[in-house]
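Line order of the protein sequences matches chains A and B. Heads up, the first sequence is in my numbering, so the first residue is 1 and it goes up one at a time. Heads up, the second sequence is in my numbering, so the first residue is 1 and it goes up one at a time. Even for Gly, the Cβ is constructed at its ideal location relative to N, Cα and C. All values reported here derive from a predicted model rather than from experimental measurement.
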Amino acid sequence: MQKPPVLTVVLGVFAALLAIVPLGYLVLRLAEGIEAASAELARPRTFELLSNTVLLVVSVSLTALVVGVIQAWFVVRTNLSYPGFYAVVATVPLAIPSYVLALGYVSIFPWFSGFWASWLVLTMATAPYVFLAVSAALLRVDIAAEEVGRSLGLSRLQVFLKITWPQVRTSATAAVLLVSLYVLSEFGAIALLRFDTFTRAIYNAYRSSFDRTAAASLALVLVALTLVIVLLERRYRGDYLMQRPANPRRLKQDLGKLQTPVTLLLALFGLLGAGLPMAALLNWTMIGSSATDLGKLFAATLSSAGIALLAAIVVSIFALAVSIWVVLHKNKLGSFIEGLLWSNHALPAIVVGLALVFFGANVTPWIYQSIWLLMIAYLILFLPNGLAAMSTPLAQVPKGLTEVSQSLGQSYRKSLTKVILPIASPGLIAAAALVMLTVLKELPATLLLRPTGVETLATRLWSATEELAYAQAAPFALVLVIIAGLPALALNASVRKTYAEVNEE
Amino acid sequence: MKKIFAAALAAVSVVGLAGCAPADSDGDFVVYVGRSETLIQPLIDQYVAESGIEVQVRYAGSAELAAQILEEGDNSPADVFFAQDAGALGAVSKAGFLRELDAELLNLIAPEYRAADGTWMGASGRVRVFNYNTDQVSEAELPSSVLDLAGPEWRGRIGIAPTNSSFQAFVTALAKVEGEDVAAEWLSAMKENGVIYEKNSAILEAVESGQVDAGLINHYYWYAKGNEVGFENLNSEIAAFESQDVGNLRNVAGVGIVSEDPRAKDFVEFLLSETAQQYFVNETSEYPLIDGVEPMAGLTPLDQIPAPEFDLNDLEALEETLQLIRAAGLI
């Protein structure tokens, strides 16, 4: 196999260095202040945070599992009326950043805060991940085995538990672990709902202690927790590529009298996960429309879009380079770099932000508080997303085409730029767009690293909520959902696949 | 590839247009503002219009900005630090990052509202008050001392903002006046009795909506709200504690110069000008600190507030206060 182009190797190694240096610096800094750090960790408060965090992660994971499985089962395996509609209802919370969801709720119920509030909001925000994974698995379940089970006298519930569930379990577990990672790194919603987990405590420690070792040591505990889940996730991943059976048949159970109650239940989930909070924000936007500062809204939209576009380009350049390297010229160093970059996919944004503030202020003052430090944060956070999205279209380009092109006398570089990249480009552009939409919604790292004077939609929303000014915050939230959330939902490949498959018959 | 780089260039220029080009650390005039953007940005806009000087403003909590200046050290992009309270300024000054101000500037205001070493000075005055929802707290129930709020009858009823520097300054004063043990005990009672918000304005909103019965805030948030919606429409009142109670702390929002940039002095002069002082009176209901500008009608004059005699220079013990608040588990 040909050696990878030098440029891809340079970019790949550079990205890997960027990804590890700030965190390395955080650890170094902690080692210097080891006494203060251990004092911080020994506080009773740390245990309170630990138990809050674990409690929230476990409870949200369980309820998201239940909600997602219920939605998937009824949509895929019963004669529910309008299953396509309910598939949309189940996935639509993906279009709403969780802090927007939280904002929607607190703006209706000012007392909405603490554990139960966070639990509800995060359950609704993460259930779609379970729904997508489980409905995909349910669509591939071997119906024949179920029929045999029924004919041998098992009840419907027994069939589900003994025959169906084991075939779905791997996907469900993977989705639940994804949910746990989401909850662990969640910052905005939890801070808005005033429940103290590690992310909020890190931000507060950073803001209100002169010795920032405190924030750093909490950050490392969070990273350790994350690692535990990532390792678990590794063990359970790998079932995503299950093929559909050759003759896809679906055994649809007749809901009978349950049609109405089930419809109501699914509608209730939709109401809790999107309808109610979005209606509240719409209402606030209209109430406050006369006082809305359109100039501010426009400026924030513009700088959000500009920053996200730049980030998408930066991330895409690196993601493309690394993808070319590992997909077309797989070698040991490439795989190592890819693994390294991937390991960041679960890193909480607040930790990356914190590490870069320290690093920027002390080591690289020339990019401190500039857009470039923020770009490095986005690169660390979203390169894994870019890699995942870009390697697929590259891998799908038929290998023979390169050979044909080279046999016709084109140089390798020409074949790459004239043949491979153009063929893969629709997929690559979609990948870049997804990165851009993800960046638009990012809050914690943006909050810590944005250049002086720059306000994005997310940071504007944040500062308005700090003053409980809901009418002020609502339009920013709506614009975010419209320009980032809905397009991201429309571009999401597994969402589209699920819609298509549910509507097939 | 060419296309991608062309797109990259285009994006960079878009971002540049949106005003987020990398800050030139020498060229830009940067002010770190520890006060609410809603209150301060109109004043900054006025300054920009009058002076023609472009100002880059970084808004955050005063304690956060103080810690940030210490972290940044000599690399700090800040030229001026405009803080919500004297404590944050004192802490930065103690670490040696503030320059001495000119005597002519310092002498514009009374000595009790500026640093003993001349490194910072007040720009506007404010007073801590007890804000309560009139449906949920009767006048008979009003506490005579802020220490009374530690009692079990206030469980879950008091809005506080432990990350806010005005609250932190009050805690510093409490520790200085009543002793650190009393302050620590009071704070741990607040773990039960307090409901935590980010800002004074959020506490006021919560008290107004009845989400919490009462709160500890700076006086002018209540006046600003009253001016906005009409005082007769407010659901809450403000009250002072008994005379000499630390709960009535008098404090200043103030300013200090971090860099050698000549524009810094000009900006500070502006904050002490009649225009700016009148802005504080009219727009934020704060106390002006220079002679010749009168506080809003109906406001108890600053020197008649029943506050304890307290040297604002002592508020510099912000670091110890933050440790106290963190030890109580409020942050």
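N- and C-terminal bounds of the beta strand (DSSP E) containing B/Val80: Val80 to Ala83 is the extent of the beta strand (DSSP E) around B/Val80.
Contacts around A/Ser180, its chain only, beta-carbon distance under 7 Å, and the 5 residues preceding and following it disregarded: Only residues of its own chain outside the window of five on either side were considered, and among them Val57, Ser61 and Ile229 have a CB closer than 7 Å to the CB of A/Ser180, listed in chain order.
Presumed contact (8 Å Cβ cut-off) between A/Gly12 and A/Ile420, rounded CB distance: Rounded, the Cβ-Cβ distance is 17 Å, inconsistent with contact.
B/Ile217 vs B/Val127 beta-carbon contact at 8 Å: No, Cβ-Cβ distance for B/Ile217 and B/Val127 is not below 8 Å.
Chain A contacts from the segment 200-217 of chain B (Cβ-Cβ distance under 7 Å): The segment 200-217 of chain B vs chain A, Cβ under 7 Å: Ser201, Ala202, Glu205, Ala206, Ser209 and Gln211.
Cβ-based burial, A/Val76 [other Cβ within 10 Å; buried from 16]: With 16 or more Cβ atoms within 10 Å of its Cβ, A/Val76 is classed as buried.
Candidates B/Leu289, B/Glu316 and B/Gln277: closest to B/Phe170 by CA position: Answer by Cα proximity: B/Glu316.
Partners in chain A for B/Asn227, counting only beta-carbon separations shorter than 7 Å: Contact note: B/Asn227 does not reach chain A at a C-beta cutoff of 7 Å; the least C-beta distance is about 15 Å.
A/Thr78 in three-state terms, based on DSSP: Per DSSP, reduced to three states, the secondary structure at A/Thr78 is strand.
Same chain, Cβ closer than 7 Å to A/Ala16, neighbours up to 5 away in sequence not counted: Listed in chain order, the non-local C-beta contacts of A/Ala16 below 7 Å within the same chain comprise Ile337, Leu340 and Leu341, local neighbours out to five positions each way being set aside.
Distance CB(B/Ser201)-CB(B/Gln84) smaller than 8 Å: No, they are not a contact pair.
Contacts of B/Arg157 in chain A (Cβ-Cβ under 8 Å): Under the 8 Å cutoff, chain A gives no residues; its nearest Cβ is about 13 Å from B/Arg157.
C-alpha distance - A/Leu582 paired with A/Val66, whole-angstrom precision: Outside the shown range of chain A (1 to 505) lies residue 582 of chain A, about which nothing can therefore be said.
Buried or exposed by the 16-neighbour rule on C-beta atoms within 10 Å, applied to A/Ala493: Classification for A/Ala493: exposed.
Beta-carbon neighbours of A/Phe210, restricted to chain B and to distances below 8 Å: Those are Ala66, Ala67, Leu70, Ala91, Leu318, Glu319 and Leu322, listed as they occur along chain B.
Per-residue contacts from B/Asn251 into chain A (C-beta, under 9 Å): Contact annotation for B/Asn251 against chain A: no contact, minimum CB-CB distance about 18 Å [criterion: below 9 Å].
Whole-angstrom distance between A/Gly306 and B/Val14, CA atom to CA atom: Per-residue confidence for B/Val14 stands at a pLDDT of 48, beneath the threshold of 50, marking its modelled position as unreliable; no derived number is given.
Nearest-angstrom Cα separation, counted from B/Pro301 out to B/Ser285: Rounded to the nearest angstrom, the two C-alpha atoms are 12 Å apart.
Within 7 Å of chain B by C-beta, residues of the segment 270-283 of chain A in sequence order: From the segment 270-283 of chain A, no residue has a Cβ closer than 7 Å to chain B.
A/Glu40 - containing alpha helix (DSSP H), residue span: A/Glu40 -> alpha helix (DSSP H) spans Ile34 to Leu41.
Segment contact flag, the segment 216-234 of chain A with the segment 24-32 of chain A, C-beta cutoff 8 Å, min 3 pairs: As far as the Cβ criterion goes, the segment 216-234 of chain A touches the segment 24-32 of chain A, which means the pair count is three or higher.
With 16 other Cβ atoms within 10 Å as the buried cut-off, status of B/Asp245: Per the 10 Å Cβ criterion, buried.
Buried or exposed (CB count within 10 angstroms, at least 16 for buried), B/Cys20: Residue placement at B/Cys20 is poorly supported in this model, since its pLDDT is 41, which falls under 50; the coordinates still yield a value, given next. Result: buried.
B/Ala115 vs B/Asn251 beta-carbon contact at 8 Å: In this structure, B/Asn251 does not lie closer than 8 Å to B/Ala115 by Cβ.
For B/Val92 and B/Ala70, the rounded distance between their alpha carbons: Residue identity check: residue 70 of chain B is Leu in the sequence provided, not Ala. CA-to-CA, the gap between B/Leu70 and B/Val92 works out to about 7 Å.
A/Phe187 beta carbon less than 8 Å from that of A/Ile350: Against a cut-off of 8 Å, the Cβ pair of A/Phe187 and A/Ile350 comes out as a contact.
Straight-line gap, A/Val69 to B/Asn131 (C-alpha atoms, nearest Å): Using only the alpha carbons, I get a separation of about 48 Å.
Cut-off 8 Å between Cβ atoms - residues of its own chain near A/Asp239, not counting five sequence neighbours on either side: Unreliable positioning characterises A/Asp239 in this predicted model, as indicated by a pLDDT of 48, which lies under 50. The coordinate reading is nonetheless provided below. Cβ-Cβ distances below 8 Å link A/Asp239 to Ala137, Thr170, Ser171 and Ala174 in the same chain, with the five nearest sequence neighbours on each side left out; the list follows chain order.
Distance between A/Ile429 and A/Gly270 (C-alpha atoms, nearest Å): Going by the C-alpha atoms only, they are around 31 Å apart.
7 Å Cβ cut-off: residues of chain B touching A/Pro365: Result: Asn75.
Enclosing alpha helix (DSSP H) for B/Val231 [first to last residue]: In the sequence under discussion, the amino acid at residue 231 of chain B is Phe, which differs from the Val named in the question. Neither: B/Phe231 is in no alpha helix (DSSP H) and is coded neither H nor E.
contact_flag[the segment 445-453 of chain A, the segment 352-363 of chain A] where n(CB pairs < 8 Å) is 3 or more: Because the criterion of three Cβ pairs below 8 Å is met, the segment 445-453 of chain A and the segment 352-363 of chain A touch.
Length of the line joining the Cα atoms of A/Thr53 and A/Ser113: The alpha-carbon atoms of A/Thr53 and A/Ser113 are separated by roughly 15 Å.
CA-to-CA distance, A/Pro365 to B/Glu185, given in whole angstroms: Going from the Cα of B/Glu185 to the Cα of A/Pro365 covers about 42 Å.
Segment limits, alpha helix (DSSP H) that includes B/Glu335: Any question about residue 335 of chain B goes unanswered here, given that chain B covers just 1 to 331.
8 Å Cβ cutoff, B/Ala224 in contact with chain A: Not closer than 8 Å to any Cβ of chain A, the Cβ of B/Ala224 fails to qualify, so no.
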